[in-house]
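J.: In our numbering, the protein residues as written are 679 to 865. By construction, the Cβ of each residue, glycine as well, lies at the ideal position given by its N, Cα and C atoms. As the structure is a computational prediction, the values presented were derived from the model and not from experiment.
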Amino acid sequence: MKLSQTLLSLGLAGMITAGLSAQAAEPAAARKDAPAGYGMPCHEADGHWMAQRWTERRAARHQALHDKLKLNAQQEESWKALQAAHQPPGAEQRPNRAEFEKLTAPERMEKMLEHMKQRQEHMTAGLQALKTFYAKLTPEQQKIFDSETRMMPQRGGKDRMGPSGPRGPRAERGERRGPGAGMMPPQ
Numbered sequence: 679m680k681l682s683q684t685l686l687s688l689g690l691a692g693m694i695t696a697g698l699s700a701q702a703a704e705p706a707a708a709r710k711d712a713p714a715g716y717g718m719p720c721h722e723a724d725g726h727w728m729a730q731r732w733t734e735r736r737a738a739r740h741q742a743l744h745d746k747l748k749l750n751a752q753q754e755e756s757w758k759a760l761q762a763a764h765q766p767p768g769a770e771q772r773p774n775r776a777e778f779e780k781l782t783a784p785e786r787m788e789k790m791l792e793h794m795k796q797r798q799e800h801m802t803a804g805l806q807a808l809k810t811f812y813a814k815l816t817p818e819q820q821k822i823f824d825s826e827t828r829m830m831p832q833r834g835g836k837d838r839m840g841p842s843g844p845r846g847p848r849a850e851r852g853e854r855r856g857p858g859a860g861m862m863p864p865q
């Protein structure tokens, strides 16, 4: 009896192991268009597709905002200046990882501080362009701009703890879901 139980247990363990190893091999053969984290790197061999997607989404959001604002000719010039000032820094400004690793700790810190100063200068120029553009908008356009450019709550992430979390979108609406939802009164 014990021998048959042992054989049954070993057989079951072998089947589970075979099943898990088959699943583990699946991500390596994942689809080429699979999102990052599903066995695919964040970029393809021919370039950075995530950066390209981000750029495309950014352009679409800007175009949608532009359409909602219904800008006149004078405002168009400021819009273009704002868009130029808010272009993200190019890849040429990113430090070369191999060279960066060769530096000593104080040298790395100096490089990081230098990069932060450059980023602050870029943001200051963007702020000036934003103030110039914003001043040319009508009060109605300013309301649209404010509502469309407000930082939207992120879904998920470790800080927001998902849509049902204590700071997620459902919590902002007063909804409480998930484990422990009934334990704390709504805030």
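#1: Just mark S756 as buried or exposed, buried being the case when its beta carbon has 16 or more other beta carbons within 10 Å.
#2: Tell me the DSSP secondary structure of T733 in three-state form.
#3: Count the other CB atoms, across all protein chains shown, that sit within 10 Å of the CB of F811; report buried if there are 16 or more and exposed otherwise.
#4: Check M728 in the structure and name its three-state DSSP category.
#5: Note down the Cα distance separating H744 from E754, rounded to an integer number of angstroms.
#6: Any contact of the stretch 731-751 with the stretch 815-832, i.e. 3+ C-beta pairs under 8 angstroms?
#7: Can a CB atom of chain D be found closer than 8 angstroms to the CB of K758?
#8: Can you tell which of L808, D824, H800 has its C-alpha closest to the C-alpha of P766?
#9: Measure the Cβ-Cβ separation of A807 and L760 and say whether it is below 8 angstroms.
#10: Rank N750, Q752, H764, A751 by C-alpha distance to the C-alpha of A737 and give the top, closest one.
#11: Would you mind reading off the limits of the alpha helix (DSSP H) that contains K780?
#12: Considering only the beta carbon of each residue, do K758 and P773 sit closer than 8 angstroms?
#13: Near F823, which residues of its chain fall below 8 angstroms by C-beta distance, leaving aside the five closest residues on each side in sequence?
#14: When you compare only the Cα positions, how much space is there between E777 and E734?
#15: Which two residues bound the contiguous alpha helix (DSSP H) that contains M790?
#16: From the DSSP output, in three-state form, read off R739 for me.
T.: In terms of the structure at hand:
#1: Along the sequence shown, one-based indexing puts residue 756 at 78. Its Cβ being crowded by 16 or more others within 10 Å, S756 is buried.
#2: Here residue 733 refers to the residue found at position 55 of the sequence shown. In the structure shown, T733 sits in a helix (DSSP, three-state: H, G or I).
#3: To locate residue 811, count along the sequence shown from 1; it is residue 133. Classification of F811: buried, given that the 10 Å Cβ count is 16 or more.
#4: Numbered from 1 along the sequence shown, position 50 holds the residue referred to as residue 728. Note: M728 maps to helix in three-state DSSP.
#5: The count along the sequence shown starts at 1 and reaches residue 744 at position 66. The count along the sequence shown starts at 1 and reaches residue 754 at position 76. In a straight line, the C-alpha of H744 is about 9 angstroms away from that of E754.
#6: yes
#7: This model lacks chain D altogether, as it is built from one protein chain only.
#8: Indexing the sequence shown from 1 puts residue 766 at position 88. Of L808, D824, H800, the residue nearest in Cα terms is H800.
#9: As a first step, residue 807 must be located in the sequence shown, where it is residue number 129. As a first step, residue 760 must be located in the sequence shown, where it is residue number 82. Yes, these two residues count as a Cβ contact at 8 angstroms.
#10: Walking along the sequence shown from the start, residue 737 turns up at place 59. It is H764.
#11: Residue mapping note: residue 780 aligns to position 102 of the sequence shown, counting from 1. It spans 775-780 - the alpha helix (DSSP H) in which K780 sits, taken as one unbroken run.
#12: Taking the first residue of the sequence shown as position 1, residue 758 is located at position 80. Taking the first residue of the sequence shown as position 1, residue 773 is located at position 95. For K758 and P773, no; Cβs fall outside 8 angstroms.
#13: For the purposes of this step, residue 823 is identified with residue 145 of the sequence shown, where counting begins at 1. Closer than 8 angstroms at Cβ, skipping near neighbours: L743, L747, Y812, L815.
#14: For the purposes of this step, residue 777 is taken as the residue at position 99 of the sequence shown. For the purposes of this step, residue 734 is taken as the residue at position 56 of the sequence shown. In a straight line, the C-alpha of E777 is about 31 angstroms away from that of E734.
#15: In the sequence shown, residue 790 corresponds to position 112, counting from 1. Taken as a continuous stretch (DSSP letters only), the alpha helix (DSSP H) holding M790 covers 783-813.
#16: The residue you call residue 739 lines up with position 61 of the sequence shown. Looking at R739 - three-state DSSP - the assignment turns out to be helix.
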